[in-house]
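Quick notes on the structure that follows.
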Amino acid sequence: MRKHPSAGTAGLGKFDRARVALVRWARGPVIGMVALVWVVYHTQVLAHAFPKSKAQEAPLPPDLHLAYTPAHLKQDFAYWSQHRAAFLWGHLLVDNVYPLIYGLLLALLLTALRPRRFPDQAPWWALALPVAMVLADGSENLLLSLLMFTYPRFPVVWAWMASLATGTKWTLLVAQLGGLVWGGVQRLRKTP
Numbered sequence: 005m006r007k008h009p010s011a012g013t014a015g016l017g018k019f020d021r022a023r024v025a026l027v028r029w030a031r032g033p034v035i036g037m038v039a040l041v042w043v044v045y046h047t048q049v050l051a052h053a054f055p056k057s058k059a060q061e062a063p064l065p066p067d068l069h070l071a072y073t074p075a076h077l078k079q080d081f082a083y084w085s086q087h088r089a090a091f092l093w094g095h096l097l098v099d100n101v102y103p104l105i106y107g108l109l110l111a112l113l114l115t116a117l118r119p120r121r122f123p124d125q126a127p128w129w130a131l132a133l134p135v136a137m138v139l140a141d142g143s144e145n146l147l148l149s150l151l152m153f154t155y156p157r158f159p160v161v162w163a164w165m166a167s168l169a170t171g172t173k174w175t176l177l178v179a180q181l182g183g184l185v186w187g188g189v190q191r192l193r194k195t196p
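Take the sequence shown: its position 181, counted from the start at 1, is 185 in the working numbering, and no numbers get skipped.
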């Protein structure tokens, strides 16, 4: 008889206890509920957090670019500074909740599609990659907010750090999507 995934977690550290908990929660109904929250938040909250101008073409928020230079960012900030309050609201609150939702969803999906050789706890990367992505996205949001607070003064070092955080976020997303595809293929092939 197999032990329940939460049995014997007393001697584990916080990271390992979280990996065991992911196995317990990575089930269809929980994943479905988190996915529904993600869709609703994405379409109803995040999509309306940043203003759209009818008079001029609004640039994409910086964190939707794969990468950017300080010069490109400063050019976009000329538009966003006209909507400073909305930009700060979007990046300090609305866009800092969003990574928590998609990070949890990705961790659950990576755990659900984990290799069979990890029956009692999620592999380290099923927790570490989403957490790293959430931290990169949070850092990006904080740096972009700091730049907006100080605009028109524009510390170039902060802009490069924000760009690095943005690139890191997107790289980690690609790695996780690759992990999901790999896990799905392995499950279809029924390999250990």
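No residue lacks a Cβ here, since even glycine has one placed at the ideal position from N, Cα and C.
Span of the alpha helix (DSSP H), counted from its first residue to its last, around residue i
i: D141; result: 128-154
i: Q125; result: First-last for Q125: undefined, no H or E at that position.
i: L177; result: 160-193
Through-space distance from residue j to residue i, alpha-carbon basis
i: L209; j: A22; result: There is simply no residue 209 to check, as the chain begins at 5 and stops at 196 in what is shown.
i: G171; j: H76; result: 15 Å
i: L96; j: P33; result: 31 Å
i: L40; j: H69; result: 25 Å
i: D124; j: Y83; result: 51 Å
i: D99; j: S149; result: 11 Å
i: V49; j: A169; result: 23 Å
i: W164; j: L147; result: 10 Å
i: R6; j: L177; result: Here R6 scores only 48 on pLDDT, less than 50, and its place in the model is too uncertain to base an answer on.
i: A166; j: F54; result: 18 Å
i: E61; j: F81; result: 13 Å
i: Q86; j: H52; result: 17 Å
i: W29; j: G94; result: 30 Å
Selected residue, minimal CA-CA separation from residue i, among the options
i: D141; options: W84, R88, V189, D67; result: D67
i: K173; options: W42, S143, G188; result: S143
i: W42; options: L148, V101, W129, F122; result: V101
i: F153; options: K18, F54, A53, A90; result: A90
i: G17; options: L181, V138, W128, L139; result: W128
i: K194; options: A62, P119, Q125; result: P119
i: L133; options: L112, L151, P123, L148; result: L112
i: N145; options: W162, V49, D124, V24; result: W162
i: Q180; options: L150, L26, M137, L168; result: M137
i: L104; options: L26, V135, S167; result: V135
i: R191; options: T115, T73, M165, F19; result: T115
i: A126; options: T175, Y155, G187; result: G187
i: L35; options: Y72, L109, V24, G182; result: Looking at the sequence provided, one finds Ile at residue 35 rather than Leu. The candidate whose alpha carbon is nearest that of I35 is L109.
i: F19; options: L131, P156, Q86, T73; result: L131
(message) At 3 residues or longer, what runs of the beta strand (DSSP E) sit wholly inside the stretch 24-98?
(response) The stretch 24-98 contains no whole beta strand (DSSP E) run of 3 or more residues.
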